[in-house]
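Reviewing the structure listed below.
Protein chains: 4
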Amino acid sequence: MSGNIAAPVSVAVVGAGYWGPNLARNLLACPATDLRWVCDLELSRARDVVGARTAVSVTDTFDDVLNDPHVEAVAVATPAATHVSIALACLEAGKHVLVEKPLATSAADAEKLVAVAERSGLVLMTDHTYCYTAAVQRIHESVADGTMGQVQYVDSVRINLGLVQPDIDVFWDLAPHDLSILDYVLAGGCSPVRVAAQAADPIGAGVACIGYLTLQFESGLIAHIHVNWLSPTKIRTTIVGASRRIAVWDDLNPTHRLSLYDKGVDLCGDLTGADRRQALVAYRSGDMVAPALREKEALQEVVRELATSIRAGTRPRTDGEAGVRVVRVLEAAGRSIDAGGASVALAAEGSTER
Amino acid sequence: MSGNIAAPVSVAVVGAGYWGPNLARNLLACPATDLRWVCDLELSRARDVVGARTAVSVTDTFDDVLNDPHVEAVAVATPAATHVSIALACLEAGKHVLVEKPLATSAADAEKLVAVAERSGLVLMTDHTYCYTAAVQRIHESVADGTMGQVQYVDSVRINLGLVQPDIDVFWDLAPHDLSILDYVLAGGCSPVRVAAQAADPIGAGVACIGYLTLQFESGLIAHIHVNWLSPTKIRTTIVGASRRIAVWDDLNPTHRLSLYDKGVDLCGDLTGADRRQALVAYRSGDMVAPALREKEALQEVVRELATSIRAGTRPRTDGEAGVRVVRVLEAAGRSIDAGGASVALAAEGSTER
Amino acid sequence: MSGNIAAPVSVAVVGAGYWGPNLARNLLACPATDLRWVCDLELSRARDVVGARTAVSVTDTFDDVLNDPHVEAVAVATPAATHVSIALACLEAGKHVLVEKPLATSAADAEKLVAVAERSGLVLMTDHTYCYTAAVQRIHESVADGTMGQVQYVDSVRINLGLVQPDIDVFWDLAPHDLSILDYVLAGGCSPVRVAAQAADPIGAGVACIGYLTLQFESGLIAHIHVNWLSPTKIRTTIVGASRRIAVWDDLNPTHRLSLYDKGVDLCGDLTGADRRQALVAYRSGDMVAPALREKEALQEVVRELATSIRAGTRPRTDGEAGVRVVRVLEAAGRSIDAGGASVALAAEGSTER
Amino acid sequence: MSGNIAAPVSVAVVGAGYWGPNLARNLLACPATDLRWVCDLELSRARDVVGARTAVSVTDTFDDVLNDPHVEAVAVATPAATHVSIALACLEAGKHVLVEKPLATSAADAEKLVAVAERSGLVLMTDHTYCYTAAVQRIHESVADGTMGQVQYVDSVRINLGLVQPDIDVFWDLAPHDLSILDYVLAGGCSPVRVAAQAADPIGAGVACIGYLTLQFESGLIAHIHVNWLSPTKIRTTIVGASRRIAVWDDLNPTHRLSLYDKGVDLCGDLTGADRRQALVAYRSGDMVAPALREKEALQEVVRELATSIRAGTRPRTDGEAGVRVVRVLEAAGRSIDAGGASVALAAEGSTER
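Chains as they are written, first to last, in the numbering used here: chain A, 1 to 354; chain B, 355 to 708; chain C, 709 to 1062; chain D, 1063 to 1416.
This is how it looks when you write it as structure tokens:
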């Protein structure tokens, strides 16, 4: 694959807060990318990212990045509310863009980015990092190739102690991870039709610190996400229950992050009659397999995919559309909370434009 | 305590299915109780419970129990739908009653049992077993004495592989545990005001196999319960988040079931102004203490409490009223599901009577 | 199997201390056995085992058991030092015997029991309980059928807080478990040739509280056992490293006690030459499989095997010879400690007779 | 502290294999150090460490480092066998030295380094990284200030899959970690007097792949170390058992690496008489505390300590002497293995010189 990549892609990182340094480190380490700039409104933060003994340029002026003709792509890691304006400016300057999750803070904005990128023939990639982990990749494949059978439910828990973002609530901060994983694992085909959300701010932070999100799908599939900034223990566990296998992904278990269980409940007999309760219930309780996964940093795969997409003209696994789908669910969650937790229909494509 | 108990309380167990054998074993082992009968419609099941070399009587005729004047109390472990009629018959025969959870399958029925027991001066106890574990007891005390501060959220997960009950769904099967723990831990004072529920039956079992339950309290406290019959892994974890300590109870960790974290997010500064987001956020990240707990079987405490309540005339920790409160929430959950997951008000006391 | 068993085997339990109650409970529950007596020098302890409402007889007079012609077998759960005299008396009275581990406190005594049982045509079974767990059974089978390849090392850790036995040290108390598992897993074929032991009594208890035991085998296989009464955490983990699979048995992990790893280091190339370090090292890092195991109480299998051996005339998996082999290693460990931890040869069969 | 450091210390890293990149990264990140050179016989490896966009120099010629008058200190991360010659050359060129563990491959060599550094007034520091973790630091303090009481035993397990070093066996590869931790935790005062070791090479690698090491101390303290290259699971657990508290350090548990147990066995009564077994045994089974530890990279502390030692003229926590003590035990382990596992006296200081 890397044989096709003639020259490294020149990239600038904009935003040197929490995520920017990780992007910079991976862009430096990746043979397919070349980090030219780190840009932050506070120059000292940009400097800290690259260190003293570096040849990477730093700046506090975004225009330096836009005006540098050598910069082919920009990785945007600024606060969520600024994603759309910064990414638009980059696209308009003819640069490919990788945007940290969430792609934007409204579906309309996210869709606008997609449209502009499409029009300009530029790569717009959403940094849905977890989709590039070996575990999620493996679940995705096991669903896609039918090994797991039909997906029945997804339950995802992402809780820890931390009020990371001042401008967004716990849904917009953490749930993009779970929603992007869900989107990737279910790979095309099924989209949620209704969304219900419950939120709480028991410490008076002014934004939701605890959130519960339920997605109902046409197929009967239910997905539930628990995000929480107030938990003393850190949990990162996603269960993907399907008819033939159930996957449990515990991202904090380095020994075996992924477990595939040959367990489940099967119903046999006449299920169409009035008395379906009489159906024979059979429990499968077979082996568990923890597949060997190649441990590597997911973000390294992200920047490699960015480079490949630019050089080979392919579509990244987590493109702008994926970013839009995630933002649409987040928006619907907000409407559900406003409606006291009632289940709301997920707006059809395009209908969210203002 | 046992010094006050003149003679062991003579008890009959009705129902020798899943829970009855545990009741029988504990009644046999407890010095304050004397097991006289095990009754089941299938006599062989009753026989299996007591074994060959026993002096306990077995019967398939409920009247044998009712008519035995030596029987002072009956432990009811029959299917949930039969609780009310069996318990009523016992009370009317002048016998104290311990009823397996849920106390009844409707709040009206549960309230009727309470009323009859009250009128007759008999003990009506709900077997909310988990309230008698050392861990829950400790959380209850730490909330009651102010050590934990104000409770902010409760998150409880009770999932495993199993379709135990043919006549009830996953809410009525598993959630009584979480609801009774919640009721006991918050001990008086606060009751939920609104309930929302989401359910799924992705395998076509005819009843909900996966359930999510959200309780909103006047105080801003949120409680969330996840019950699931389709999970390949067994989880029994309850987090009680409070302003000064956060308790994490993992009932499957025999080494330290209970962890008390000195962790949290504190807000300081002006929280009343428009710009409360500017408030200073301070993270507490102190030690975790896993208190030494005396490991003992909770059900042994249940039967002891039953005996004490009868002999000393005291009220059991988990009385009929506790059973009523749990059933009320379960009923409200059903109404929420019927309303598409919308949050519904918890019916005020008495209003559920038919 | 149970179809062949005409009538239940009548059994007496002698010793109602720590282990006796477990034996009694399982003998009561097993359809192939009938518990007639529980005997203990302290009658109240025997009574506590069977409870008030029972038809099992209790006695503090061992002769009551010996003289009861209906008693076919005796389960001995007395202090280790008394095993040989009690078991001998039983055998001489024509009764089959199940002896708690260790079979005796010297190899000579253990061999004497084997000889007498052999001569009398009676079953002599050692209660090496762990050999009857589903996990150990599975490892045994996977070694026996070649799935695991050649066993290379065994590392067993059995540590917790507890000074259970006043008359024996930590080796004689805990290591019989590990040694009997080792004996069963390696099933015939290979016996250790040298034993080295290190012991410590850092609290001044008068006996070793911490012990390390190393067994060297002809094949190059090394086995190491760590037993410890002073550990705050309880660990029960045995690793069986073999050329094709490595088994890790964690008896305290109810979710998956047994893990079979397709992992290892393979050497290829010329391994006979002087420069074997040049050999190609290849790491296998394949999947881990946690096989589904039928969870059941091992002691139930023990009493069933006792009954089958008596009725069918078969040899129990853990016969008297197995008990002898374990005691021989324990004796050798004592000699090693006396010799300052030096490795000592395991006495050849028969050579330990006085 | 950093206020005293006038200018960053200029450092060169020699050796860009496994550990060198970590040293380089931390030297770059530390404000008190300035990385000038990365040197490796394979220039491409040196280049990979610093990346393309860097101002750090790379070379495959060690003399470039020695001859650069700006280099004040050298971090040596070459194969163990070359430590002594490289470190000597650095010291003779007037440069301070940080040497990866083990300091040397013989006690005589290690002592020579200490002597030369002493004579030259240069800092000689051994990179015993684990001594700079928050967990080990805390155990060290709790032993030093008496909180833990008298140390009774140490049990350390360091096992995983990996044949990292071609030139040294598993003892020299992994045990320096455990021995340096032991040395630091017991801080002065007590040194081991006897060492016994057992080794195995069941795969025919030509060097020991599994090792067990027992250290006996004057005080009765026993320390045991299990190192293993053939384990499918990774374990990094050290138990420090003391009379008042027992510390369990599980380095792979990010949630709480360190647990302090108020558990133990206390003996009371007459312990001097012949019948000390009659002594009253009391079990303490109090709370467990997992102290809040500041998570930070230990190696960052190492390079900071190096800088402080050079600028402030203080002695590093893990100086050359600490390196010598560790090597002495490793040498004794080799003698024990040659003697068939017999316990050997630890050579007195100086007696190992050739």
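Where a beta carbon is used, it is the ideal one built from N, C-alpha and C, also for glycine. All figures in this text were calculated on a predicted structure; none of them were measured in a lab.
Residue i in three-state terms, based on DSSP
| i | result |
| --- | --- |
| A1069 of chain D | coil |
| H83 of chain A | helix |
| E707 of chain B | With a pLDDT of 36 at E707 of chain B, under the threshold of 50, the modelled position of this residue cannot be trusted, and the question is left open. |
| G1396 of chain D | helix |
| R47 of chain A | helix |
| E1003 of chain C | coil |
| V207 of chain A | coil |
| Q858 of chain C | coil |
| V344 of chain A | strand |
| C485 of chain B | helix |
| R630 of chain B | Since pLDDT at R630 of chain B reaches only 49, below the 50 mark, its modelled position is unreliable, and the value read off the structure follows with that caveat. If DSSP states are grouped into helix, strand and coil, R630 of chain B belongs with the helices. |
Exposure of residue i, with buried meaning 16 or more beta-carbon neighbours within 10 Å
| i | result |
| --- | --- |
| H1132 of chain D | exposed |
| C209 of chain A | buried |
| R473 of chain B | exposed |
| Y920 of chain C | buried |
| L1054 of chain C | buried |
| R294 of chain A | exposed |
| S534 of chain B | buried |
| T1376 of chain D | exposed |
| T282 of chain A | As written in the sequence, residue 282 of chain A is Ala, which differs from the Thr given in the question. Result: exposed. |
| G1326 of chain D | buried |
| A406 of chain B | exposed |
| T963 of chain C | exposed |
| S752 of chain C | exposed |
| Y538 of chain B | buried |
| E572 of chain B | exposed |
Cβ-based neighbour list, residue i, same chain, cut-off 7 Å, excluding 5 preceding and 5 following
| i | result |
| --- | --- |
| R1338 of chain D | With a pLDDT of only 49 at R1338 of chain D, under the threshold of 50, the placement of this residue in the model should not be trusted; the figure read from the coordinates follows. Hits under 7 Å: none found. |
| L929 of chain C | V859, Q860, Y861 and C898 |
Residue closest to residue i, alpha-carbon to alpha-carbon, out of the options
| i | options | result |
| --- | --- | --- |
| D68 of chain A | A:K95, A:T78, A:G323 and A:H83 | A:K95 |
| M996 of chain C | A:Y261, A:L280, A:Y283 and A:L306 | A:Y261 |
| L41 of chain A | A:L91, A:V49 and A:D60 | A:D60 |
| T1300 of chain D | D:V1389, D:A1069 and D:S1321 | D:S1321 |
| L1361 of chain D | D:T1188, D:A1395, D:G1268 and D:R1319 | D:T1188 |
| N228 of chain A | A:V185, A:V193, A:N160 and A:H177 | A:N160 |
| E1005 of chain C | C:L882, C:R1033, C:V782 and C:A843 | C:A843 |
| K299 of chain B | B:S510, B:Q491, B:N376 and B:H482 | The structure shown does not extend to residue 299 of chain B, since chain B spans only 355 to 708, so no value can be given for it. |
| T1026 of chain C | C:L736, C:V805, C:M856 and C:G854 | C:V805 |
| P586 of chain B | A:S231, A:R244 and A:L230 | A:R244 |
| Y838 of chain C | C:A905, C:D853, C:D958 and C:V903 | C:D958 |
| D692 of chain B | B:V594, B:A554 and B:H578 | B:A554 |
| V713 of chain B | B:P670, B:L467, B:R492 and B:T408 | Since the first residue shown for chain B is 355 and the last is 708, residue 713 of chain B is missing from the structure and cannot be characterised. |
Residues near residue i by beta carbon distance below 8 Å, same chain, minus five either side
| i | result |
| --- | --- |
| C393 of chain B | A366, V367, V368, G369, A370, A400, V412, T413, D414, T415, F416, D418 and V419 |
Own chain residues within Cβ distance below 6 Å of residue i, not counting five before or after
| i | result |
| --- | --- |
| E1061 of chain C | Its pLDDT being 36, under 50, E1061 of chain C is placed unreliably by the model, and nothing is read from it. |
| S10 of chain A | D34, R36, H70, V71 and E72 |
Closer than 7 Å: residue i CB and nearest the ligand ATP heavy atom
| i | result |
| --- | --- |
| D1027 of chain C | By its list of ligands, the structure shown contains no ligand whatsoever, and the ligand ATP lies outside what it can speak to. |
| Selection of the segment 759-786 of chain C by Cβ proximity to chain B, strictly under 8 Å | Listed in sequence order: G759, A760, R761, T762, A763 and V764.
| query | What residues from the segment 932-951 of chain C come within 8 Å of chain A, judged by C-beta to C-beta, listed N to C? | reply | none
| field | Cβ-based contacts, 9 Å cut-off: residues of the segment 243-263 of chain A near chain D | value | L252, P254 and T255
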